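Inspection log for the structure reproduced underneath, given as structure tokens.
Numbering (our numbering), first residue to last: 28 to 220.
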């Protein structure tokens, strides 16, 4: 295995490549672009990804611990590979002001995650545990939520989400009145203002 410790990667661009058996410990990735990259059996520990773009990137059988993603862009990303409820290789991931485009969050565990400052476009959250997560002031642009635990989550001032109120657990979740009334449309209720 090739190991990198306390290394900073700046303006790196990796395309259409498989990276296997690498260990990244206390590394920083700044302004990097990863396109159609497969990370296979790699270890990422105490790393920071700052303003990095992940486009159709895959993490297969990787161990990930204490990672920060700040102002990153994720396109076509499948979060279940690294943040699945059944994946025991994940300890902590922190997300700050990231953009998610065509992301699949199926069967993920993001309990108490603060997504404020993030952008979502055409993403789906299916069968996730999002209990006590914060989605305040986010424009979701055609993002769907189905069969999730959204109890005690905060969607105040968030817009354009599509939440099926029949399949999601919503007890004590917080919503702004106008957007909450839009959720009733899924029940066939017609509202007049």
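For glycine and all other residues, C-beta sits at the position ideal for the given N, C-alpha and C.
On a predicted model such as this, the values are computed, not experimentally measured, just so you know.
For chain C, check one thing: does any of its Cβ atoms lie closer than 8 Å to the Cβ of residue i?
i: residue 36; result: Included in the structure is just one protein chain, with no chain C present.
Using only CA atoms, which one of the options lies nearest to residue i?
i: residue 179; options: 139, 211, 151, 45; result: 139
i: residue 195; options: 59, 203, 173, 215; result: 173
i: residue 100; options: 67, 36, 122; result: 122
i: residue 168; options: 156, 192, 129, 158; result: 129
i: residue 78; options: 89, 95, 90; result: 95
i: residue 163; options: 141, 56, 152; result: 141
i: residue 161; options: 214, 144, 134; result: 144
i: residue 58; options: 124, 102, 97, 131; result: 97
i: residue 37; options: 46, 206, 212, 75; result: 75
i: residue 46; options: 35, 86, 52; result: 86
i: residue 60; options: 52, 53, 39, 213; result: 39
Let's see if you can read the secondary structure: which residues bound the beta strand (DSSP E) around residue i?
i: residue 122; result: 120 to 123
i: residue 160; result: No beta strand (DSSP E) contains residue 160, which DSSP labels as neither H nor E.
i: residue 53; result: Unbroken run through residue 53: none, as it is neither H nor E.
i: residue 61; result: 60 to 67
i: residue 153; result: 151 to 153
i: residue 146; result: 146 to 148
i: residue 134; result: Element bounds for residue 134: n/a, residue is neither H nor E.
i: residue 100; result: 100 to 102
Helix or strand or just coil, what does DSSP make of residue i?
i: residue 82; result: strand
i: residue 39; result: coil
i: residue 112; result: Bear in mind that a pLDDT of 48 at residue 112, under 50, signals an unreliable position, so the number given afterwards is only what the model happens to contain. In the structure shown, residue 112 sits in coil (DSSP, three-state: anything other than H, G, I, E or B).
i: residue 209; result: helix
i: residue 95; result: strand
Apart from the five residues just before and just after residue i, which ones in its own chain have a Cβ nearer than 7 Å to its Cβ?
i: residue 201; result: 181, 182, 183
i: residue 93; result: 72, 73, 118, 119
i: residue 177; result: 157, 195, 196, 197, 200
Suppose the cutoff is 6 Å on Cβ atoms and the five residues either side in sequence are ignored; what does the same chain contact list for residue i look like?
i: residue 146; result: 126
i: residue 190; result: 172, 210
i: residue 64; result: 41, 44, 84
Might you give, ordered along the chain, the residues of its own chain that have their beta carbon closer than 8 Å to the beta carbon of residue i, omitting 5 neighbours on each side?
i: residue 49; result: 28, 29, 30, 31, 66, 69, 70
i: residue 166; result: 146, 147, 185, 186, 187
i: residue 216; result: none
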